[in-house]
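Chain order of the listed sequences is A and B. In terms of the working numbering, the first sequence opens at residue 1 and continues consecutively. In terms of the working numbering, the second sequence opens at residue 442 and continues consecutively.
Number of protein chains: 2
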Amino acid sequence: MSTVIDQAKAARAAAIRLATVSEDVRNQALEAMADGIAAASERLIEANRADVADAEKLKEAGELAPELVKRLILNDKKLEGVIASIRSVIALPDPVGHTLDATEISPGLELYKVSVPIGVLGIVFESRPDVVAQVASLCVKSGNAVLMKGGREATRTNRALARVIVQSAARVDGVPEGWLHLLETREEVSEILKLDQYVDLLIPRGGNAFVQHVMNNTNIPVLGHADGVCHVYVDADASAPMAVGVAFDAKTQYVAVCNAMETLLVHEAIADTFLRAAAEPFQEAGVTLRLDERSARILADYPLAEPAEESDWSAEYLDTKLAVKVVDSLQEAIEHINTFGSHHTDSIVTDNDDAARAFLAGVDSASVMHNASTRFADGFRYGLGAEIGIGTGRIHSRGPVGLEGLVIYKYIVKGAGHTVASHTDGGGKVEYTHKPLDRTL
Amino acid sequence: MSTVIDQAKAARAAAIRLATVSEDVRNQALEAMADGIAAASERLIEANRADVADAEKLKEAGELAPELVKRLILNDKKLEGVIASIRSVIALPDPVGHTLDATEISPGLELYKVSVPIGVLGIVFESRPDVVAQVASLCVKSGNAVLMKGGREATRTNRALARVIVQSAARVDGVPEGWLHLLETREEVSEILKLDQYVDLLIPRGGNAFVQHVMNNTNIPVLGHADGVCHVYVDADASAPMAVGVAFDAKTQYVAVCNAMETLLVHEAIADTFLRAAAEPFQEAGVTLRLDERSARILADYPLAEPAEESDWSAEYLDTKLAVKVVDSLQEAIEHINTFGSHHTDSIVTDNDDAARAFLAGVDSASVMHNASTRFADGFRYGLGAEIGIGTGRIHSRGPVGLEGLVIYKYIVKGAGHTVASHTDGGGKVEYTHKPLDRTL
Chain A
1 MSTVIDQAKA ARAAAIRLAT VSEDVRNQAL EAMADGIAAA SERLIEANRA
51 DVADAEKLKE AGELAPELVK RLILNDKKLE GVIASIRSVI ALPDPVGHTL
101 DATEISPGLE LYKVSVPIGV LGIVFESRPD VVAQVASLCV KSGNAVLMKG
151 GREATRTNRA LARVIVQSAA RVDGVPEGWL HLLETREEVS EILKLDQYVD
201 LLIPRGGNAF VQHVMNNTNI PVLGHADGVC HVYVDADASA PMAVGVAFDA
251 KTQYVAVCNA METLLVHEAI ADTFLRAAAE PFQEAGVTLR LDERSARILA
301 DYPLAEPAEE SDWSAEYLDT KLAVKVVDSL QEAIEHINTF GSHHTDSIVT
351 DNDDAARAFL AGVDSASVMH NASTRFADGF RYGLGAEIGI GTGRIHSRGP
401 VGLEGLVIYK YIVKGAGHTV ASHTDGGGKV EYTHKPLDRT L
Chain B
442 MSTVIDQAKA ARAAAIRLAT VSEDVRNQAL EAMADGIAAA SERLIEANRA
492 DVADAEKLKE AGELAPELVK RLILNDKKLE GVIASIRSVI ALPDPVGHTL
542 DATEISPGLE LYKVSVPIGV LGIVFESRPD VVAQVASLCV KSGNAVLMKG
592 GREATRTNRA LARVIVQSAA RVDGVPEGWL HLLETREEVS EILKLDQYVD
642 LLIPRGGNAF VQHVMNNTNI PVLGHADGVC HVYVDADASA PMAVGVAFDA
692 KTQYVAVCNA METLLVHEAI ADTFLRAAAE PFQEAGVTLR LDERSARILA
742 DYPLAEPAEE SDWSAEYLDT KLAVKVVDSL QEAIEHINTF GSHHTDSIVT
792 DNDDAARAFL AGVDSASVMH NASTRFADGF RYGLGAEIGI GTGRIHSRGP
842 VGLEGLVIYK YIVKGAGHTV ASHTDGGGKV EYTHKPLDRT L
C-alpha cells in the first residue's frame, strides 16, 4: 500500500498533466464518471448498506447521532442526485484557460495572464458520501488533482465511489493517472498537513474544532471557516415587520448551518417595538433567547429566556438559541460585529440608506447584507453554480467559493528573442509600451 | 512603549477604518506624504548620515558588505526618487471599490462582489530605506494598514521616514491613526508571525533562508519566494543566435536577482552548435559554467568550467555561475524544470510553435516565456505600475504582484426583506433568477 507522501507525489505529477488537459476531455471524464456511477449503482448501494448497518449499531449504542445515520444513506434517489450534480458541473463555464489580461510589454513582446488550476487540493469532509462525487467533479472540471478524506462511517461507500470515479475517468483518453487519492485515516490527514511541498490548498469542511486544528497545524494555505457567528442588526430606522421576517428567517430557516444568525443586535430606539413583535414567532419556533440586561427588561415575559453572558457574544449555537443585545448606535453594532463576529455574514435591516452604506462598508465580513437574511450566503444561492466551501480568510477567495476559487493564473510571455539589455532600463534603446492587447492567448 | 500585539491591534482597528476611506482622501494622504518628505529632507538625510557612519565602521571591520553601505545611503537625489515614486503611486488606478460581478439573485435581491483592501499587512525587508516610503505608499493606495520592519543598519533613517510619513498622512482629514507601525527588532518580527488574528498577509522580502523561516513559522498566509531557480531551455528547433542572446541576457544582465537564469538546458540536437556559440560571450562575462558530462565534452576547452553535481540543479547562485545540462527531449526539459526549479520563471527558445505550446502549458511556474529573457519577470516590466513582491505560491497571487495583490473582495447583498423561506429551496415560491446585472454598486 502506498504511503500518503507517495500519493501526494503522484497527485502533484498528475496535476501538472491535468493542467494541460482540454475542457473537452475534462467534460468527457465527467460524463464517464456520471455514467460509471449509474452503471455501478447496485455495487455502491451494497457497499453503503454495510456502512449503514455498522452505523445503526453505533446509533443503538448511543455513539452516533441519528441524523448522521440518515445523512450516510445512499439509495437510488440519492444516487440520481449525485449523477445530476455531476452533469450540472459539466454545464458550468470552464474556469481554466481564460486570458485575464493581455499587454504589449514592448513591440513584439506580449504578456498574457491566463487562469490555470491551482494544482493539488487536500479536501477533508464529514460522513456524507455524495460529497466524494461532488468534490471529484469540481476538481476534474477545474483541472486540479485531489487528496480527499471522507467520514470514517462512510469508509466502504467512499471507497466504492472513489474506485468507480477513478476507473470511469481513466477510460477517457488524456486523463492522467493518480489525480484522485482517497485517504481513510486521521493519521493520513495529519500527514497531509506536513506536505506543503506537494499540496497547494487545504479545504477542511467540518466542525469548528477540526477546521481550527487544520489551520493551526499546517503551512499549507487553508480555505475554510472555523466559525459562523453571524449577526442581524435591526437599525433605529428599520421597518419592524421586515426586521422580524429577516431575523426569523436568519435564525430558524435552518439552525445547524454556518450562515444562520447567532446574535441579534437591536438599536435601543426600536428595541421595544421590534422585540415584542419578534417574540411571538421566536417563541412558536421554540427559540431560547440569551438576553442582555436591556432586552431582558423588554422581554420579561418570554418563557424561553436566559441571561446572556460575555461568552454568548462569540457563541456559535447551531441550534434554536439566539443571543440578543440592545445597542445605542449603529457604530456600536458595527464594532460589536467586528469584535465578536467571525467575519462570515452579517446583515442590517434599515430603511435608512446612509445607515446601510455605513454598515456595508464598516462591517469587515465576507458577506454583508442589507434587508436580507444571512441564510442567502451560499454558493448555490449566489449563483456560483457549485460551492467548494465558505472562507472567512482574506486571501485568494472569501465567502461562498465556487470553481473560480480553484484556479489561479500564470503569466505567459511571448517574444522574438527579446532581452532586457536591449530595453531602456537595461541600457538599450527599446522603450516599454505597456499597451493593453485586445486578444486572448 | 507599546508592544507588538498592541500595534497589531491598532493596525487592525485602523484597517477597518481605512477600508472605508475614499480614493480622494487616500490620494491626498499620498500627496501629503510626498510633500512631507520633501520638507523634511534635511532631517532625513541627517538621520541617514548617522546610520551610514555606523555602517562604514562595520564595513571597515569587515562585518558589512560594501554594496550594503552603498544601498543604505539616502541623499537628495535618492529622496527625489522616493518622492517621484510616491507621486507615481497616486497616478495608479484605484484597486479598491470595483464591482467585479453583479447578479440578481431573485427579483429585488442583488449581489455585488466588490474589491476591498485585505486588511493588515506585515512587510519585512532589507536595509534599503527608500522601501519604507514605497511600501507605505502602496499600502495607503490600497487601503491596507501595515506593520513593517526594515534593515537594522537603517534604523535611524527608517524611524525618521516613518515618522514623517505618519505625521504627513495624519494631516489629511479621514486618515485613521495607527495605520503604519515600524518594528525595529527581530524579536518583534517573531512576534508578528504568531499574530494571525490581526495580520492577514505577510510579505517577506529578503534572502532565501529568511523567507523560508517565515513560511515555516507562521499560520499567516505568505506572499513571497524562497528561491529563484530560473531556467532557459534551448530547444532542438531554436535559432542558435537568438538562444545565445536570450541565455546571455538571462544570466548576465543582472546576476544578483531572483529572475536571473541559474540553469541552462540544451537539447542534444543543438547542443554542439549552441554551446560553442554561447561560450564566447559567457567567457567574456566571466561566467563559470557547471557542466554536466555531455556539455563538458562539447566545451572541453572552456576555461571557467567545473563539473556539475546533483546539487547544482537546484542551486540559486545569484552570481556569474551557471549550471548547464544537455537533455534528450523537450519532455525531459519540462520534467527537469518542474522537479528542480522553484516555479518562478522559465523560458524556452524555439522556432517550433508546438514545442513552445507544450513548454508554456507543461512548465508549472508563475511566469513561463517563449523566446524572451527570464529577466522580464518583474512588476515594472510587466506594466503593473508597482511591485510589492514576487510570489511562487499558487494561491491569491503569483509571479510579480502589484496593487491588485493587496486587495480581496467582499460580497454585498441588497434586498427588501428577502428570506430564504420564501424561495423555492426554502419551501416558498420565489425562484432564483441569477441574472447578471449591468451595474456597479
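Glycine included, C-beta positions come from ideal geometry on N, C-alpha and C.
The beta strand (DSSP E) enclosing residue i, as first and last residue numbers
i, result
"H225 (chain A)", "Neither: H225 (chain A) is in no beta strand (DSSP E) and is coded neither H nor E."
"N352 (chain A)", "Per DSSP, N352 (chain A) belongs to no beta strand (DSSP E) and is neither H nor E."
"S88 (chain A)", "No beta strand (DSSP E) holds S88 (chain A); the alpha helix (DSSP H) holding it covers 76-90."
"A883 (chain B)", "Since the first residue of chain B shown is 442 and the last is 882, residue 883 (chain B) is not available in this structure."
"S863 (chain B)", "Looking at the DSSP string, S863 (chain B) is not in any beta strand (DSSP E), and its letter there is neither H nor E."
"I564 (chain B)", "561-565"
CA nearest to the CA of residue i, picked from the options
i, options, result
"L72 (chain A)", "A:I83, A:K59, A:T392", "A:K59"
"T626 (chain B)", "B:A610, B:G592, B:E504", "B:G592"
"R569 (chain B)", "B:I559, B:D535, B:N516, B:A525", "B:N516"
"F651 (chain B)", "B:R597, B:E594, B:F566", "B:F566"
"F821 (chain B)", "B:P645, B:S529, B:N658", "B:S529"
"S452 (chain A)", "A:V229, A:I220, A:A308, A:M215", "Because chain A here runs from 1 to 441, residue 452 (chain A) falls outside it and cannot be looked at."
"Y852 (chain B)", "A:N338, A:E306, A:G428, A:M369", "A:M369"
"G328 (chain A)", "A:H267, A:A260, A:A8", "The sequence given here places Asp at residue 328 (chain A); Gly does not occur at that position. Comparing Cα positions, the closest option is A:H267."
"G391 (chain A)", "A:T424, A:A84, A:P400, A:E332", "A:P400"
"D196 (chain A)", "A:N338, A:G383, A:L121, A:I37", "A:L121"
"V698 (chain B)", "B:H785, B:P662, B:V767, B:V685", "B:H785"
"I83 (chain A)", "A:A65, A:L68, A:A32, A:R43", "A:A32"
8 angstroms Cβ cutoff met for residue i and residue j
i, j, result
"T252 (chain A)", "A285 (chain A)", "yes"
"A460 (chain B)", "G584 (chain B)", "yes"
"N395 (chain A)", "D535 (chain B)", "Sequence check: residue 395 (chain A) is Ile here, not Asn. Their beta carbons are not under 8 angstroms apart, which means I395 (chain A) does not touch D535 (chain B) by this criterion."
"E629 (chain B)", "D492 (chain B)", "no"
Inter-residue Cα distance where the pair is residue i and residue j
i, j, result
"V675 (chain B)", "Q724 (chain B)", "19 angstroms"
"E310 (chain A)", "S808 (chain B)", "51 angstroms"
"T444 (chain A)", "A691 (chain B)", "The question about residue 444 (chain A) has no answer, for chain A in this structure spans 1 to 441."
"S22 (chain A)", "A857 (chain B)", "43 angstroms"
"L92 (chain A)", "V407 (chain A)", "14 angstroms"
"V804 (chain B)", "E776 (chain B)", "8 angstroms"
"I546 (chain B)", "G867 (chain B)", "14 angstroms"
"I446 (chain B)", "A452 (chain B)", "10 angstroms"
"A749 (chain B)", "S806 (chain B)", "24 angstroms"
"N48 (chain A)", "A688 (chain B)", "59 angstroms"
"K435 (chain A)", "E828 (chain B)", "18 angstroms"
"E404 (chain A)", "R839 (chain B)", "15 angstroms"
"V871 (chain B)", "S2 (chain A)", "51 angstroms"
"A741 (chain B)", "L732 (chain B)", "10 angstroms"
Residue i - DSSP class collapsed to helix/strand/coil
i, result
"I486 (chain B)", "helix"
"I831 (chain B)", "strand"
"A32 (chain A)", "helix"
"H181 (chain A)", "strand"
"I337 (chain A)", "helix"
"V327 (chain A)", "strand"
"D101 (chain A)", "strand"
"E703 (chain B)", "strand"
"R375 (chain A)", "helix"
"E306 (chain A)", "strand"
"V466 (chain B)", "helix"
"V698 (chain B)", "coil"
"A409 (chain B)", "Nothing can be reported for residue 409 (chain B), as the shown portion of chain B is limited to 442 through 882."
Opening and closing residue of the alpha helix (DSSP H) in which residue i lies
i, result
"D272 (chain A)", "268-284"
"R398 (chain A)", "That residue, R398 (chain A), is in no alpha helix (DSSP H); it is neither H nor E in DSSP."
"E191 (chain A)", "186-194"
"K554 (chain B)", "Unbroken run through K554 (chain B) is the beta strand (DSSP E), 550-558; no alpha helix (DSSP H)."
"A243 (chain A)", "240-252"
"P66 (chain A)", "66-72"
"T157 (chain A)", "155-170"
"R646 (chain B)", "Per DSSP, R646 (chain B) belongs to no alpha helix (DSSP H) and is neither H nor E."
"K9 (chain A)", "4-18"
"A880 (chain B)", "Note that residue 880 (chain B) is Arg in the sequence shown here, rather than Ala. Per DSSP, R880 (chain B) belongs to no alpha helix (DSSP H) and is neither H nor E."
Within chain C, the residues that residue i reaches when beta carbons sit closer than 7 angstroms
i, result
"L740 (chain B)", "Of the protein chains in this structure, namely A and B, none is chain C."
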